[in-house]
Amino acid sequence: MPDIIDLSDLMHAISLVAVAMMAAAGVLEAGRKRFDLFGMVVVAVAAALGGGSLRDMLLDRPVFWVADQTYLIAALIAALLTFFLARLFTLPARLFLIPDAVGLALFTITGTKAALVWGAPWLVASFMGVITGVMGGILRDVLCNEEPLVFQGTLYATAAWAGALVFLGLLSWPVDAGLASVLGGLLIFVVRVAAIRWSIGLPRFTARL
Amino acid sequence: MPDIIDLSDLMHAISLVAVAMMAAAGVLEAGRKRFDLFGMVVVAVAAALGGGSLRDMLLDRPVFWVADQTYLIAALIAALLTFFLARLFTLPARLFLIPDAVGLALFTITGTKAALVWGAPWLVASFMGVITGVMGGILRDVLCNEEPLVFQGTLYATAAWAGALVFLGLLSWPVDAGLASVLGGLLIFVVRVAAIRWSIGLPRFTARL
Amino acid sequence: MPDIIDLSDLMHAISLVAVAMMAAAGVLEAGRKRFDLFGMVVVAVAAALGGGSLRDMLLDRPVFWVADQTYLIAALIAALLTFFLARLFTLPARLFLIPDAVGLALFTITGTKAALVWGAPWLVASFMGVITGVMGGILRDVLCNEEPLVFQGTLYATAAWAGALVFLGLLSWPVDAGLASVLGGLLIFVVRVAAIRWSIGLPRFTARL
Numbered sequence: 103m104p105d106i107i108d109l110s111d112l113m114h115a116i117s118l119v120a121v122a123m124m125a126a127a128g129v130l131e132a133g134r135k136r137f138d139l140f141g142m143v144v145v146a147v148a149a150a151l152g153g154g155s156l157r158d159m160l161l162d163r164p165v166f167w168v169a170d171q172t173y174l175i176a177a178l179i180a181a182l183l184t185f186f187l188a189r190l191f192t193l194p195a196r197l198f199l200i201p202d203a204v205g206l207a208l209f210t211i212t213g214t215k216a217a218l219v220w221g222a223p224w225l226v227a228s229f230m231g232v233i234t235g236v237m238g239g240i241l242r243d244v245l246c247n248e249e250p251l252v253f254q255g256t257l258y259a260t261a262a263w264a265g266a267l268v269f270l271g272l273l274s275w276p277v278d279a280g281l282a283s284v285l286g287g288l289l290i291f292v293v294r295v296a297a298i299r300w301s302i303g304l305p306r307f308t309a310r311l
Numbered sequence: 103m104p105d106i107i108d109l110s111d112l113m114h115a116i117s118l119v120a121v122a123m124m125a126a127a128g129v130l131e132a133g134r135k136r137f138d139l140f141g142m143v144v145v146a147v148a149a150a151l152g153g154g155s156l157r158d159m160l161l162d163r164p165v166f167w168v169a170d171q172t173y174l175i176a177a178l179i180a181a182l183l184t185f186f187l188a189r190l191f192t193l194p195a196r197l198f199l200i201p202d203a204v205g206l207a208l209f210t211i212t213g214t215k216a217a218l219v220w221g222a223p224w225l226v227a228s229f230m231g232v233i234t235g236v237m238g239g240i241l242r243d244v245l246c247n248e249e250p251l252v253f254q255g256t257l258y259a260t261a262a263w264a265g266a267l268v269f270l271g272l273l274s275w276p277v278d279a280g281l282a283s284v285l286g287g288l289l290i291f292v293v294r295v296a297a298i299r300w301s302i303g304l305p306r307f308t309a310r311l
Numbered sequence: 103m104p105d106i107i108d109l110s111d112l113m114h115a116i117s118l119v120a121v122a123m124m125a126a127a128g129v130l131e132a133g134r135k136r137f138d139l140f141g142m143v144v145v146a147v148a149a150a151l152g153g154g155s156l157r158d159m160l161l162d163r164p165v166f167w168v169a170d171q172t173y174l175i176a177a178l179i180a181a182l183l184t185f186f187l188a189r190l191f192t193l194p195a196r197l198f199l200i201p202d203a204v205g206l207a208l209f210t211i212t213g214t215k216a217a218l219v220w221g222a223p224w225l226v227a228s229f230m231g232v233i234t235g236v237m238g239g240i241l242r243d244v245l246c247n248e249e250p251l252v253f254q255g256t257l258y259a260t261a262a263w264a265g266a267l268v269f270l271g272l273l274s275w276p277v278d279a280g281l282a283s284v285l286g287g288l289l290i291f292v293v294r295v296a297a298i299r300w301s302i303g304l305p306r307f308t309a310r311l
């Protein structure tokens, strides 16, 4: 069945891109702290592999980067490349938000899909997608001792969840899985970038306690 | 075997209550921060499902909320309900300590029981109960950037451990499992509430370093 | 096959020592905070068992301390012993760095070995060794609300990774597994202690952002 092989090859390639994006975002953020080279690499790798690892442990499937060395290598190469680019050129301060948004979109959709394939019900699958997309960034921010982006109100987890739900909705309509993935992922990226650009957020909540 | 079905139905219901309690406590604490609506829901769900997830991953059994959508739904409903109640009424500042204590008691006993059923030795089972009870709250406090309640010296983990050990002791006496659960859980709740009410704590320790 | 039994007995003994060392380091660091007795024990146990737990969950094998009570007991005894010693004698402030370095060395090598035995490729195995060695200390520092030692630039994760790679290199040369373990572990300990003693570190990196 060449179709399935092609699809899983494509999934693999997309996951590699997502891993590389998250690693680059990790370096760009860690670079603002005074970490040593290796500490920076650790943050980048944790950011790149953290979300998917948690998803796989929760689903009780083999963790995606353990049996397959390419993910770790992609994270390392992306981290080192970003490191040297950042030394050569002066990069805009919030540049890391772009690879972060791409990584968020790719990870959320692949995470939702993985949970669906595993047999999780749709609400769980959408939540698993959010975890996959969001967890790496949370880990990066916690290790960098920054307040997590997720809670800064610019539609971070919200964008991920909306994209996951749209993806699931399109699938059940039914739209082709590939198209549904692209539309769901695009929605996440666009919402996220728009939210950053125009500082859109959900209304914040303060309980009268 | 209607007996087993009944028991596991009861366990299920109790777990749902514990999940809802922890979600409510999460919203009440997150509400004091200026999180957006979704960030608050994330904190509530992490608090509600975190402890049991870690327990199940450590025991290498299927994570309890992945195959069964009801837990996630219970957490979401409890979070939204608490959210709207907190907007309508002015709630006392430390109200979240009550659902937190109920959740601690229920999670500790169900966690200990789950580890026993899995075949863990008693000391490990009691520790697994403490993890189940305590981890959700730690996660909530870390995400809210508060110092974890666990370490604030008012018999948090201590109450959980005492309850787990009493439960295990009663079981081996042998007392009926249901009665042992109730007594162990009640002990946790009473010790915890008394510790908050009268600020009882273990003697604090400072090493002469 | 007495050889295999002996080897796994030795591995068991070494793991127990590593667990005890990390627990002692946890108490010595938690002792500088005003934790209560039980909070301190929780930090010590988390430090002692955290790294290996994450490794086992990532490798999807049974978590090492769940089926075998001795690890938990070793951690508890080491924690209580250190606690009473620290009350009797005035201990030098940075004493905890020595058991920490021993634990780092032992955990890194056993973690690398466990991943290899499981069938992980070499790069993943070395990284798994670093996680096993480093994670307990990160957990301890996060729970103590200290900036993680790992990121303080004195060759913490770097020493672990170097030792893991030397161990893997010697194995493939091939050198006897026992000798390779000793040499790899010794390297980690020596590099780490030298780095602390003479404040050696990797050049720190600040991106021009």
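Residue numbers (our numbering), protein chains in the order written: chain A, 103 to 311; chain B, 103 to 311; chain C, 103 to 311.
The C-beta atom is built at its ideal place from N, Cα and C for all residues, glycine as well.
Residue range of the alpha helix (DSSP H) that includes residue i
i	result
P201/B	L199 to W220
G152/C	L139 to L161
V232/C	W224 to L245
V295/A	A279 to R299
T172/B	T172 to L190
W263/B	Y258 to S274
Buried or exposed (CB count within 10 angstroms, at least 16 for buried), residue i
i	result
I179/C	exposed
M103/B	Interpretation of M103/B is limited by its pLDDT of 35, a score under 50 that renders its predicted location unreliable; no figure is taken from the coordinates.
G153/C	buried
D111/C	exposed
W263/C	buried
G128/C	buried
F291/B	buried
I107/B	Low confidence applies here, because I107/B scores a pLDDT of 44, under 50, leaving its location unreliable and the question unanswered by this model.
W167/C	buried
D278/A	exposed
T214/A	buried
L289/A	buried
T184/B	buried
F229/C	buried
T260/A	buried
G280/C	exposed
R294/B	buried
A216/C	buried
T115/C	For the record, residue 115/C in the displayed sequence is Ala; it is not Thr. Exposed is the call here.
Residue nearest to residue i in terms of C-alpha spacing, selected from the options
i	options	result
L62/A	V236/A, T260/A, V119/A and L273/A	Outside the modelled stretch of chain A, which goes from 103 to 311, sits residue 62/A, for which no answer is possible.
L187/C	A126/C, G231/C, H114/C and F269/C	A126/C
V268/B	L285/B, E131/B, Y258/B and V295/B	L285/B
D170/C	S228/C, L118/C and R294/C	L118/C
Y258/A	R157/A, A203/A, W275/A and A282/A	A203/A
V145/A	W275/C, V236/C, D158/C and P276/C	V236/C
L139/B	D158/B, A266/B, L190/B and A181/B	A181/B
F191/C	L130/C, V295/C and M123/C	L130/C
A282/A	L241/A, A266/A and L161/A	A266/A
M123/B	G231/B, G239/B, V165/B and D158/B	G239/B
R157/B	I233/B, M113/B, M142/B and V143/B	I233/B
L189/B	G205/B, P164/B, G133/B and V244/B	Residue identity check: residue 189/B is Arg in the sequence provided, not Leu. Looking at the Cα atoms, G133/B is the closest of the given residues.
Mind the definition here: the stretch 293-300 of chain B touches the stretch 166-175 of chain C only if three or more C-beta pairs lie below 8 Å; say whether that holds.
no
Decide if the stretch 206-217 of chain B is in contact with the stretch 148-167 of chain C; the criterion is three or more beta carbon pairs, one per stretch, under 8 Å apart.
no
Decide if the stretch 216-232 of chain B is in contact with the stretch 185-204 of chain B; the criterion is three or more beta carbon pairs, one per stretch, under 8 Å apart.
no
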